[in-house]
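Trainee:
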Amino acid sequence: MKQSACHAMALLLVPWLACNDQAAHENAKLPASPTPEAAMILPAVPDTTLPSGRRNIYLAGLRNKPGFFVERSVFPAGYKGLPHIHNGDIYVTIIKGSVYIALGNRFDTTARVPVYGPGSFIVIKADQPHYEWFTEPCTMQIEGIGPNETFYVNEPGSKK
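Letter by letter, the sequence shown follows residues -23 to -1, 1 to 137 of mature numbering (1 follows the signal peptide of the UniProt record, and there is no 0).
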């Protein structure tokens, strides 16, 4: 038992002593000049701006291709996303502005739903009817696994 306690104490003290060793900190070499900023890596796909005013910025992968994708979408004030579903889960982070996101297949801006602001994280499950509207400009990051398609509810040829 005593030997176990000594080993445990040693395991706790060694990292602490190493972190508090002044000589180790003094010997650390810092670069002479600041390093340049990381290069921005974007796929070779141009951003798109739709007639509705929504702008899509493709950061990694593409929604319509197999694999992980990340995109940023910038929505203008007044934009309305009619009820729709996706065939895969999507993960949404609000970066700037705000959005109202409601579950259901009937568009209703009088529905009592929360407003999601910066830092909000929303998971919208596959085949979950939902819609959104914006009273101010909003930037959101959307992630998921592709191919991830959008099907509008109650339209000819829609999935549901």
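Note that beta-carbon positions come from the ideal geometry of N, C-alpha and C, so glycine has one too.
These numbers come from a predicted model, not from an experiment.
Output the boundary residues of the beta strand (DSSP E) element that contains N33.
Mentor: From DSSP, the beta strand (DSSP E) with N33 extends over R32 to A37.
Trainee: Do you know how far the Cα of P124 is from the Cα of R40?
Mentor: So the alpha carbons of these two residues sit roughly 6 Å apart.
Trainee: On the criterion of 16 or more Cβ atoms from any shown chain inside 10 Å, does F45 qualify as buried, or is it exposed?
Mentor: The residue in question, F45, is exposed, as its Cβ has fewer than 16 Cβ neighbours within 10 Å.
Trainee: Considering only their Cβ atoms, is the gap separating N82 from P53 smaller than 8 Å?
Mentor: No.
Trainee: So, is G38 buried or exposed, given that buried needs 16 or more other C-beta atoms within 10 angstroms?
Mentor: Classification for G38: buried.
Trainee: Work out the CA separation of S75 and F84 for me, nearest whole Å.
Mentor: Approximately 18 Å, taken between the alpha carbons.
Trainee: For the candidate residues Y93, P91, T25 and A103, whose alpha-carbon lies nearest to that of F128?
Mentor: For F128, the nearest C-alpha among the options comes from A103.
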